[in-house]
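Each position in the sequence shown, counted from 1, maps to that position plus 1 in our numbering.
Cβ coordinates follow ideal geometry from the N, Cα and C atoms, glycine included.
Here's the structure, in structure tokens; my notes come after.
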Amino acid sequence: MEWFKKKKISDERIINIQNKIFKEIYYLILVICSVSILLKIYYFNFDINHILTELVILILGGLYYTFRTVQLGIFSDEVEIHDRTSKWTMTKKNIMFILALVIILAIITGLNSAINYREGTSQSIYYFILVFFVTILINVPVFMLVFVVGHEIARSRSKKVIEKQLEELDGDDNEKY
């Protein structure tokens with residue numbers, strides 16, 4: 002019920018500067034959480050209980066941003082602008098990011114298996130190769146499903162929101178201008 006509220010007059014320049022400040026704060030929080038995760042992994046080894054709060058902040062922040070841009074219909078516009086101005090499309094960047102992430106993950110898990118579960122040099126090499134390829138085979142489809150398919154679903158829903166907004170602006174067919 003906004004009957005008694007006065008309509009505030011706002012300056013677009015001030016709003017844009019405030020949005021830039023909020024963006025900088027968000028990036029600062031991302032950096033602080035990332036550094037905290039790295040330090041906790043270094044000092045406490047890899048215990049998920051020590052880094053759970055930072056992971057929740059990082060993941061929920063990204064999910065909230067994606068949800069709101071889709072809900073407002075600007076996600077597809079952001080992707081379109083990015084694809085026009087960038088050498089690589091957003092989908093190609095997602096695929097390259099996934100491949101790099103999975104290869105790094107496969108190397109780490111392969112080295113872990115080769116070092117911790119070996120009983121000789123040949124078995125160490127065998128474990129590394131086996132775990133490396135199994136990690137790639139398992140994680141590539143999962144990450145593709147999450148990132149690429151999720152990206153396409155978000156883009157199509159954002160386009161539907163834009164189409165709905167445009168239909169509402171157009172008005173009725175019987176409406177006279």
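- Contact between V103 and F133 is absent: CB atoms are separated by about 10 Å, not below the 8 Å threshold.
- Counting along the chain, no alpha helix (DSSP H) covers S11, and no H or E run does either.
- Taking 8 Å as the cut-off, the beta carbon of I99 is found closer than this to the beta carbon of V141.
- Remark: fewer than three beta-carbon pairs, one from each stretch, lie closer than 8 Å, so the stretch 49 to 65 and the stretch 144 to 153 are not flagged as touching.
- Listed in chain order, the non-local C-beta contacts of G121 below 8 Å within the same chain number zero, local neighbours out to five positions each way being set aside.
- In chain order, G111, L112, S114, A115 place their CB closer than 8 Å to the CB of F129, counting only its own chain and leaving out the 5 sequence neighbours on each side.
- Our two residues, L29 and I15, have alpha carbons roughly 21 Å apart in a direct line.
- Of the residues assessed, A101 falls on the exposed side of the cut-off, its CB having fewer than 16 other CB atoms within 10 angstroms.
- Of the residues assessed, S11 falls on the exposed side of the cut-off, its CB having fewer than 16 other CB atoms within 10 angstroms.
- Around the beta carbon of V80, a 10 Å sphere encloses 16 or more other beta carbons of the protein chains shown; the residue is thus reported as buried.
- Where K161 is concerned, the enclosing alpha helix (DSSP H) starts and stops at 151 to 171.
- Excluding the 5 residues flanking it on each side, N95 has same chain C-beta neighbours closer than 8 Å at F148, V149, H152, in chain order.
- Here E120 carries a coil assignment [DSSP, helix/strand/coil].
- Taking the Cα positions, W89 is about 22 Å away from I105.
- In this structure, DSSP gives S37 a helical state, which the three-state scheme calls helix.
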